[in-house]
Structure formats: C-alpha cells, structure tokens
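For the protein sequence lines, the chains are A, B and C, in the order given.
Each residue of the first sequence is one higher than the one before, starting from 1 at the first, in the working numbering.
Each residue of the second sequence is one higher than the one before, starting from 1001 at the first, in the working numbering.
Each residue of the third sequence is one higher than the one before, starting from 2001 at the first, in the working numbering.
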Amino acid sequence: MIEQKYDVIIIGGGPAGLSAAAKAVENGLKTLLLENREMLGGIPFQCVHTGFGIHCFKEDLTGGEFIARLIDRAVEKGVETMVKTHVLKIQVYSALEKTVYAASPKGFLKIQAKAIIYAAGARERHQYEIGLAGDRPDGVYTAGEAQALMDVYGVLPGKKIVIIGSGDVGLIMARRLAMERAEVKAVIEVLPYPGGLTRNIVQCLNDFNIPLYLSHMVREVKGSERVEKVIVTRVGEDMKPDGSFEFELECDTVIVSAGLKPDVDILEKIGVETDPATGGPVVNEFYETSVPLVFTAGNALVVNDLVDYDVEQGEAAATHALKLLGDYLSPRLEWRRVERGRNIRLIVPQLVSGSKDVVFYSRVQYPEDNVRLTIRETGFEKRFFKVKPAEMIRIMIPAEELAKARRGKITFEVVR
Amino acid sequence: MVGETRVAIIGAGVIGASIARVLSRFENLQVYVLDENYDVGGEASRANSSVIHPGHEEDPDNQPLRAKLCTEGNALWRRWCMELEIPVKWVGELMLFERNEDEKEAEKYVEWAHKNNVAGVRILREEELFEMDSSINRNVKGGVYAPTAGLISPFEAVVALVENAVDNGVRLLTETRVKRIVVRNNVVVGVETSKGLIETDIVINAAGLNADEVSRLAGVEPWFRIKPRKGEYIIFDKEAEPKPSLVLHTMPTPITKGVYASTTVHGNLMIGPTAEDLPYEKKKDTSTSLEGLEHLVKEAGRILCKVPPRSRIIKFFAGLRPEPPDGKWLIKAYSQPYGFINVAGIRSPGLTAAPAIANHVLSLITETYGLRLVEKKGWRPFRRQIACVSEMDYDILEKHISENPDYGEIICFCNNVSRAEVSEAIERMRRIGVKTITFDGVKLRTTAGFGKCQASRCKIRMALLISEATGTPLCNIIMKKSSIGVGGVKTLWTQNKESMKND
Amino acid sequence: MSRIVEYTCIICPSGCLLRVEAEENRVVKVEGAGCPRGVEYAKQEFSDPMRIVFTVVRVRNGELPTVSVKTTRPIPKNKVFNLMKMLASIELEAPVEIGEIIVGDAYGAEVVATRRVGRREPVAG
C-alpha cells in the first residue's frame, strides 16, 4: 500500500487542478495531484479551437496549446502528480485530518491530507437525462465524446449529423463536423434562444449554412441498428410539443449537447452540501465547502464558460488553502448567505463574510437588454448592455460593499 | 438413437442457455447453441423486470404448466445462482393494493400459492407493510407478501449459463441465422444457417420472439403466432431514493403482472414495465416513449412513497416479451418431424422458470426419443464471476493490484470498473465463442458504462481496449449493432475526390 | 448608391451587431462596434472575409492518430475548404511538437501543430 502525508491533495488534473497544484507548491504546501485519466490536461486537450487563455496568457490559444502551458508550468514548479489514479473514497476524521483512498496501477493508495482541493470537473448530460425517447440505436453521442472521438482518436462519428442543444460545445462540433465534410442537418434547441455565444452561431452555423431550430425538440429517435432519422417537433412556451409543426431529419448520428453537470458524487458522500442551482457544492468565499478544508474549483464548483475562470478559481483555492491551514484556529467568520433574486439562475460563492473582496460568478436565467445587476441590501448596481444565460457574469465586489449588508444575506438581482 | 446425439438449440437467451447447461451434463450429447446476434442474451433476456417470481401469481387451473415450472424454477435458481455466481438477492415481494375491496382479489393469490406449493404467502395490512419496507406509499391498504421472490441480473445469468455450458463442451455459434430446418423422411437431420449446414439429430426451438417462425420452418403448429408485448422501464442512479428493500408491485391486470419497483442487484431503483401489445410484425420495436415514461412514474407513485425526479433517471429502455396465444407456453417434442422440440412463447414467468423448463425439456428428450443419457464424469457445475473492484474490500483490492496492476486502472469512473475486468470480459467473450466483441457485451458483463454518465466518459477508452485486444481498428468497433465511427476523421475528404466548390 | 450590411462580430464573446454602410464596394461607415477591432472586422468581413482554420492532421506511428493544427492568422474564407482538402492529404510522422510548421504557406498563413504527439513505442515482439 502506498501511504503518505500531504498538506493538500488536489483531485483532478485539468485546468483548475493544474493551476491549484502549481499555486499550492508555490505557496510552499506539500502537494499531490491525482488524475484519473492516463494523462494530465482534462478536456481542453481535445479542443482544437481557440478561445483559451485570453485572460491568463493574454493570447488566444487552442485548447491543446493552452493546456500544454499549464502542464509545463506545473512541472516547472515541481508538482508531484499521479495519473491513472482514481479516488474511490474520501474519509474525514477531523478538520485537519482526511484520508483519500485511491486505486492506481502503481498500487492501492491511502493518503493523509490536511486539505483537499476537489477539481474533478463536470460531466456531460446525456440522452436519458434530457428525456430523448424512441429507439436506442447506436450513433448517439455527447458532444464531448464526439469531439474526443474525432479530434483525439481520429474517428469520424458519422456522415449525417443532427445536434441537440445549442450550447457552445454543440456549435463547435457542428463546425468541426462540417469542416470534415459531414452533413450537419440541424441544431435543435428547445429554448427560444440559443445556448451558445452569438459569435459561435455566426462562425459555426451561419458560415456553413447549418439551420438552428429554436423552440424545437427531438421527439423521437428512429433506427434499428444505427440512427436512421429523428422526428423534430415544435414546442410551446412550456417546452412541450404543441402539435403545430413536425418534421423528420434523416441522419446517422445524433450529438447531444445539453450542458454539463459538476461531478461531485464523491463529495456528497462526505456530506458536502450542494446547491441545486449550480449542481456543485455550496462554498464560502474561500471556495471551501461545508466540510472544513475541502475546497472546490473549476467546473466541479460551477460550470464556467471561459477556461480562464477555472484557472483563476484553482489558484484562488490554493491560496485560500494556505491561508486557512495557517490560521485554522482563529475564530471562524460569520457568513452572509448570497441569495438569487430576479433573473439570477446561479451564483458562486454562496457564502461571504464581508471582510474580503469577492469575485462572483453568475449566470442569468434568460436574456435581457439594458439591465442593471444590483445587490438589494446595499444598493450596489452595475449596468449591463446585454445579459445572456450563455455568458457568465464575473464581477468583483469589494469587501466594504459586502459589509454593508447587515442582515445575514446578500441578494443579487437583475433589474430593468 | 445410439452413440452420440447432436442437439442444436436455436436461441441463446435464458431458455436456450438453461437448456444448454442441463444438456451439457451428458457424455453422449453434442450440443450447439445458435444465435443470430453478436452475443448471447440479446433480446427479451436482457430487458425485463429481473424478478424471480414465487409462483403464486400463476393460475393453477388455466396455466398448470406455467404454475408448476415457475415454482420449481424459483427453487432451482437458488442453487444455480450459487454454483454459477450469478448476482441475485432473495428479498421477497409485496403485491400492493390501495382499496380495501381489493383484499378479496388478493386472497385469490394466497389460494393459488397453496395450490402451487408456494410457501409463506400471506396478506399484510398497513402498519405491518410499512415496517417491512419504509418506501411504500402510505395510501396503500395492504399487500400480498411472498417471501420467496428474488431479483437477479438476467443478462449476467445468461452469460453465466453459457460460460458454464461451454466449459462443459457446448459450442456456441453466434452471428448464425437459421434459414431452414432440414427434414428428411420426417426426421430432423440438420439446420441450414447463414454460416452453412449444421447436421443435427435434435433441434430445440428456443428462439424467443422468433420461435413462431422457426416452428413453421419445421412445419409444425402453423397456427402458432407470437405477439410482441412491449414493456418500458426506467432506471435511476444509485443514489436516488427510495430504494425498496423488497420487490414491490401493483396488482396484476389481465395482460401484466403490474408495475414493479425494485432495487436491482446493482443497487439502482428500477420501475416498470408498461404493457403494450404490438402487431405481430413489430418484433424489433423496442422504442420508448414519453407517454410510457409518464405512465410509469404515475404508476410507481401509487406504490412508492415518492418517485425520484426525472433528473435522476440514468436510462430508460424497453423489452419485448414473446406473448403466445392464450398465454400458453408451447413446450413439446414432436415425432413429426422426429427430433424437433418447441420451447416457444415463453412469456413471463419464463426467466423464473428457465431452469425448470430446461429440466422439463430434458425429460421430453429422453421420453419422446428414448435416449439413454450418460452423465459426464468430469461435469463442472461451477463458474466464477469476474472479480470486480467495486465489490472488493480495500485489502483485497490492494492484493489484486499488486498481482495485476490493471485492477488499479479504473476505466468506468461511475461504477469503478477496472481495466482488468474489461480485459477479463473480452477474454471470456472469446472463450465462449463470441466472434465480434461488442462494447455492449463488455458493458453488460462488467457494468462499465452503466452509471450516471452512461458511458460518456469511458466509451472510447473501452472501445480502445477492445481494439487493442482484437486488432480491430477503433472506428470499426461495434457498439451494440453498429460501429463507433464511419471511418477516419478525413474519410469524407479522401474517399470522394471530386472537387469541392468554394464556400 | 449606398447599401447597409449587418454582421455579428466574432472577435470577442460580446458579439456586437455591426452595421456597415457601403457605397459601391467601399465601406463608408461602421456602427455598433464596441471596440476598434470590431470596426476592422466589419471592414474585412465586407471586403474579404477571413477565418482562422483549426482542424486535425493524421499522424503515423504516434501515441495518438491525429495532431491538432491551426493557421497562424486568418485566411480568406473562400479558401478554407481548399486548405482543408490539402490538409486531408497530409500524414505526418510522429513525433510532432507544438508550434511545428506543417504547411509553410497556406494562403498567407502558416499551419502549425497545436498539440504534442509523441512517438508510439514499438510493439514488443
């Protein structure tokens, strides 16, 4: 058995985990990073498109270029890593004593740590979670799966494609498939507005004349062995078929791009409180979950749309870990709960003290123009020309502002 | 008949596999199992309620054969599951009713239990029920308790049976479609298949949904037609509550045993089935519908204290049950043509009765054809299941990893299935004679890909392991029935040389 | 005679709606851009739309069968498929390093690798 002791164990070797690990080592913490796949890097490795690192490297990199830099940086700092190492269980003995049990080809691991930074990312919502009915033929993939299949393993998933969901990954896959001359028949979105960025609608769909059907759903998949066609139907405001319009699209492949869900099962088992709005843990301004010195960052905390945010959260979590390990015995802060008001779908962190500047990450429920983001209790407000569910709002609120809220809660809302 | 007798079993479902295992005991039988699919257990045997029924729901007067073989089968599975290490749990069941006036109907089953020799069946009322299983809806008034009900993993059962049968000399021929039963002078002499002629003395028709067609190929029972009866099911993730400790179900209707709610042997809440009679020709229609899903959630809500939200659903699927005329199983050995045996229309409780049906078929063979069967000396009753990481204590896991590092490489992150298990499943598929190793076959043998993410994180890696083991290029790996890809990523550019017009 | 064309800017995630007023084939006014890059984009899009191309190229004897590549700058949009066709015919020999030039002149840009693909260890035996 491999038994060792660390200050901090980082679970997950993607952007957030790598950044957390590099920062933790820089901060002088004895750090171990565990990654369950065969190599470090996480999802950006499979992304051939640009849009990575605009903030943290001031360059527009592809996923592969970006993640190579993060890996290099972690290696330079001397981060100790183990790949093919899958955490089976975390056991919490006390605030400063945790054991992580993991399986790895090198042996069974039982590692003690004072703190854990959980950065295992998110997983994709699949066909059954979105209620895709009909036959269950082969040829249905999640967008990320199709992306890895094509752009890492060199396999074309299909020739005639229908994409369900207009999130950015789905749009980017529409373009990738069209670039390789697959016939992308349509992108079907159940909501009345697209899930992805407008620029992706333009450069991924319009450039290739791929139709986008808003307020439509795939009612049924047909096919005995392989997907043969889908039946698309219009939906009403309740997002249920309204019977007004229905058509068939012949295709051999369906790609489901229905968003991500933080992967926090292992945290739930140690009693970490989760937020139904984000699907991730409830955290305080240190990204610490309801279990002391268990932190989260990246998509395991909240599904980010810019990888720069994952990096920022990872580094912050490592810095917070250092701080809390250092003055763990100092009196704990009193938390004000962050509430979601009008047109706020989610916001993290969910708990703040008022004694520290806090960067909030939030998403709205529906698109709106010319609005103000306000804090009800303090009178804070900021104008936004446009807000969209697809575009995360990142906003720093100074401690003084947060401290104004006396009554134990801080309500963010979007007002006209 | 003297010397070695050749037997061809058509269909590697739970019936065919059970018969194969029973017949593998004899020295002077050479047994073949034929199946048109890539793998065994591909049809009704893999998509059903997974319940081993006690036998009190079978009408002893109208369905005496079903009643007898169901009760016997239940008892036999207890031994078979131990010998073959088939995942099973003997939890008992409750048939629940919500109106006091249903008690009269409930009493009927207590009476049938008596007649069918099913032990321990009795009616329980409210408090007693809720104490037995806290996941029961408080509106339920009472229920028929049958302690002998069990839950099995039906696909793994078929795999175990076939592995054991092959280990004892049976030969499995997959991807082999029956075209003709060759009869000479009113005697069966062979089966003509897509892979050529198989000479045989006895043909056992265990072709499930297609058994009516096979029967007609042999020229018997032209009136006999099988109707596909569709049942849809929902599976929730492992953390979803409630998790009934017993098998719960609503009162049977004329066409079904009601809607079941149970916790599978792998720990997921499963509800189902619906019951929908399809036209005769729709023998491949296993489609699901939103209506079916809603119906199940509603019906399960009658017996469960709550039904988990839709977001906890990890899979819904449908299976087809082979429904014979009048619900009567057709199990018969013919003398015209001599050597042909029908084991057809085996609708519910076919899974439960399978071992007893196999024994019954054995006696038909000896009685009808006067065979004197000689028991094999070295017949091996045991089969080991694949050692799985998810069920190991950590000290055992440590030992496994130190002996084989592949146990430490987890492939399926949801269900903690290791590379060693995947490799073992592939190896076992080859050993029984599966020619095309499918992702689906590996998935069902290991539970890899059957968790919350439904293989979206492990599908490609599993396909890569199959590719490595078989030498088949990744893009040609078969998922269930079709390949993971259509070619290399540049296929459409290189295949078609015609110039592309500029955008 | 003047005419109006509308574009959505793809330079940054803001996705500004750009309104281009043109006379003959000359841009006279760009409205709606949130920054100067948007104005430039609108002019370019009007006269000669350009796109960065990213795709993968096949690799022989690599740990992976493909390497991701991109053009170092945008190329004319109407040449994108010509370049794709050319890249489809290429097969590189592993290893490939990040930044390695795959095509020296692709409509005024270079095509470079954006991922490292190591050489596959020879199969034992």
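Just so it is clear, CB atoms sit at the ideal spot from N, CA and C, and this is done for glycine as well.
- Under a criterion of Cβ atoms nearer than 8 Å, no residue of chain C is adjacent to Arg340 of chain A; the nearest Cβ is some 23 Å distant.
- Put simply, the CB of Thr374 of chain A is far from chain C, with every gap to its CB atoms at 8 Å or more.
- Taking 8 Å as the cut-off, the Cβ atoms of Gly2015 of chain C and Thr198 of chain A count as close.
- Neighbours of Val2056 of chain C across chain B, judged by C-beta separation under 8 Å: Val1489.
- In the DSSP assignment, Tyr309 of chain A falls within the unbroken alpha helix (DSSP H) covering Val307 to Gly326.
- Following the DSSP letters along the chain, one finds Ala2022 of chain C inside the beta strand (DSSP E) bounded by residues Leu2017 to Glu2023.
- By the beta-carbon neighbour count (other beta carbons within 10 angstroms, threshold 16), Lys1306 of chain B is exposed.
- Taken through DSSP and simplified to helix, strand or coil, Ser166 of chain A comes out as coil.
- Per DSSP, the beta bridge partners of Ile410 of chain A are A:Val338.
- As computed with DSSP, Pro1322 of chain B is found in a beta bridge with B:Pro1228.
- The three-state reading of DSSP puts Phe286 of chain A in coil, since its state is none of H, G, I, E or B.
- The bridge partners DSSP lists for Ile1010 of chain B are B:Leu1034 and B:Asn1205.
- Glu3 of chain A is bridged by DSSP to A:Lys110.
- Shortest Cα-Cα distance from Gly1471 of chain B to any of B:Val1170, B:Thr1436 and B:Lys1481 involves B:Thr1436.
- DSSP places Phe380 of chain A outside both helix and strand once states are collapsed to three, so it counts as coil.
- Residues of the same chain with a CB within less than 8 Å of the CB of Leu351 of chain A, apart from the 5 flanking positions on each side, are Val282, Val283, Asn284, Glu285, Trp335, Arg336, Arg337 and Val338 in chain order.
- DSSP places Thr1366 of chain B inside the alpha helix (DSSP H), whose first and last residues are Gly1350 to Tyr1369.
- Pro2013 of chain C reaches chain A at Leu197, Arg199 and Glu391, counting residues in chain order whose Cβ is nearer than 7 Å.
- Judged by pairs of C-beta atoms under 8 Å, the region 2070–2085 of chain C touches the region 2044–2051 of chain C, as three or more such pairs exist.
- Between Val371 of chain A and Phe360 of chain A, the C-beta gap is not smaller than 8 Å, which leaves the two residues out of contact.
- Separation of the CB atoms of Glu180 of chain A and Val1489 of chain B is rounded to 6 Å, and the pair is thereby assigned contact status at 8 Å.
- Look at Ser1045 of chain B here: in three-state DSSP terms it is helix.
- Cα atoms of Glu1213 of chain B and Pro1222 of chain B: separation of roughly 9 Å, rounded to the nearest angstrom.
- Under DSSP, Gly1142 of chain B takes part in a beta bridge, and its partners are B:Phe1097 and B:Arg1125.
- By the Cβ test, the region 302–310 of chain A is in contact with the region 9–27 of chain A, since at least three Cβ pairs between them sit closer than 8 Å.
- Thr1491 of chain B and Leu156 of chain A have their C-alpha atoms some 7 Å from each other.
- For Arg1078 of chain B, the closest alpha carbon among the candidates B:Ile1052, B:Lys1481, B:Arg1122 and B:His1114 is that of B:Ile1052.
- For Cys1388 of chain B, the three-state secondary structure derived from DSSP is coil.
- In this structure the region 2109–2122 of chain C lies against the region 2089–2099 of chain C, because at least three pairs of beta carbons, one per stretch, are closer than 8 Å.
- For secondary structure counted as the beta strand (DSSP E) over 3 or more consecutive residues, the region 1222–1291 of chain B holds these complete runs in sequence order: 1227–1236, 1247–1250, 1260–1263 and 1269–1272.
- Among the residues of the region 2056–2072 of chain C, those with a Cβ less than 7 Å away from any Cβ of chain A are Val2056, Arg2058, Leu2064, Pro2065, Thr2066, Ser2068 and Lys2070, in the order of the chain.
- Our two residues, Gly2108 of chain C and Thr2071 of chain C, have alpha carbons roughly 9 Å apart in a direct line.
- When the Cα atoms are used, Val1247 of chain B and Arg1184 of chain B turn out to be separated by approximately 50 Å.
- Residue burial annotation: Ser1215 of chain B is buried, with at least 16 other C-beta atoms found within 10 angstroms of its C-beta.
- For Phe1155 of chain B, DSSP assigns no beta-bridge partner whatsoever.
- Against chain C, a Cβ distance below 9 Å from Thr1494 of chain B picks out Ala2088 and Ser2089.
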